[in-house]
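What follows is a short report on a single structure.
Numbering (our numbering), first residue to last: 147 to 414.
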């Protein structure tokens, strides 16, 4: 969780780099966010973005928002729908939460500090996580293993350790997490690699450390997820922001079972 404010009130224009989380943006500034995606431009007060959003740009003026990156294990309960229903799309939070989304937005407007806003957002997420449907214990374990191993684990090994067939793991994981396990591992591995690129590390070294066959395979993944080359992606504004806003927590998404104090408010 992180807070963002446009310092000068001028326009914000950022390309979204995919990461292994479902993104919830609670905007409480002066105007809506304009999201350019494959389906065209839409305006949102609050939004939810699924995994496959590499071609998305977000624009706005006088932006103030709380951004939450939810593990898909938590998102399944919190959002009231499987992340599979959000694949490659951006939706209004109101479509999932109804009137509660507007109520939370008003509370954020009236809050006196960022810490109060973080507490309000956290309370809303935690409240919904208690009443929402939980993913299978085996699916949650498999996701945590993929994240812990930075996407380098073999799916056959996961299925064997759980005691499921590969087909059963694929089916349950896809329906509850939102991605097939192999695709999820690929996204986690990409996320780790691309943040190292943003730190200025060598692409060849990153490829070797991250389990890619060679540098060309890293290049191919970056191009597939973002539409740009590793060199271009390394200078992306969004990745630079990640290194500040989420510095204490790395790139890991939020699991409500182990909430940490939210990140600081970041002035852009």
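In this text, a Cβ means the ideal position worked out from N, Cα and C, and glycines have one as well.
Discussion item. Suppose the cutoff is 8 Å on Cβ atoms and the five residues either side in sequence are ignored; what does the same chain contact list for residue 300 look like?
Written reply: none
Fill in: 8 Å contact criterion, which residue 161 and residue 382 should meet: CB distance rounded
7 Å
Worksheet item: In its own chain, which residues sit with a C-beta less than 6 Å from the C-beta of residue 205, not counting the 5 before and 5 after it?
Response: 159, 180
Discussion item. Using only the alpha-carbon positions, how far apart do residue 317 and residue 283 sit?
Written reply: 14 Å
Item to complete: Return the Cβ separation of residue 229 and residue 221 in integer angstroms, given the expectation that the two are a contact with Cβ distance under 8 Å.
Response: 5 Å
Discussion item. According to DSSP, simplified to helix, strand and coil, what is residue 222?
Written reply: helix
Worksheet entry | Of the listed residues 378, 246, 234, nearest to residue 172 (C-alpha basis) | 246
Fill in: Buried or exposed by the 16-neighbour rule on C-beta atoms within 10 Å, applied to residue 254
buried
Worksheet item: Taking DSSP as the reference, what is the three-state secondary structure of residue 191?
Response: coil
Item to complete: Would you kindly work out how many angstroms separate the C-alpha atoms of residue 277 and residue 243, rounded to a whole number?
Response: 13 Å
Worksheet entry | Three-state secondary structure assigned by DSSP to residue 227 | coil
Worksheet item: From residue 346 to residue 367, what does the alpha carbon distance come to, in whole angstroms?
Response: 18 Å
Item to complete: Could you tell me which residues DSSP puts in a beta bridge with residue 173?
Response: 211
Fill in: Rounded C-alpha distance that separates residue 259 from residue 250
15 Å
Item to complete: Could you check what DSSP says for residue 236 in three-state terms: helix, strand or coil?
Response: strand
Worksheet item: In this structure, does DSSP put residue 368 in helix, strand or coil?
Response: helix
Worksheet item: Applying the criterion that 16 or more other CB atoms from any shown protein chain within 10 Å of the CB defines a buried residue, is residue 390 buried or exposed?
Response: exposed
Item to complete: Assign residue 182 to one of three DSSP states: helix, strand, or coil.
Response: strand
Practice prompt. Could you round the C-beta distance between residue 353 and residue 380 to whole angstroms and report it? I think they count as a contact, below 8 Å.
Written response: The pair is not a contact, with the Cβ atoms about 13 Å apart (cut-off 8 Å).
Practice prompt. Take the Cβ of residue 322 as the centre, count every other Cβ of all protein chains shown within 10 Å, and call the residue buried at 16 or more, exposed below.
Written response: buried
Worksheet item: Can you list, in chain order, the stretches of the beta strand (DSSP E) that have 3 or more residues and sit fully within the segment 227-299?
Response: 236-238
Discussion item. Going by beta-carbon coordinates alone, are residue 129 and residue 170 separated by less than 7 Å?
Written reply: Since the first residue of the chain shown is 147 and the last is 414, residue 129 is not available in this structure.
Fill in: Secondary structure, alpha helix (DSSP H): runs of 4+ residues fully inside the segment 293-379
301-308, 312-323, 327-344, 349-355, 361-372
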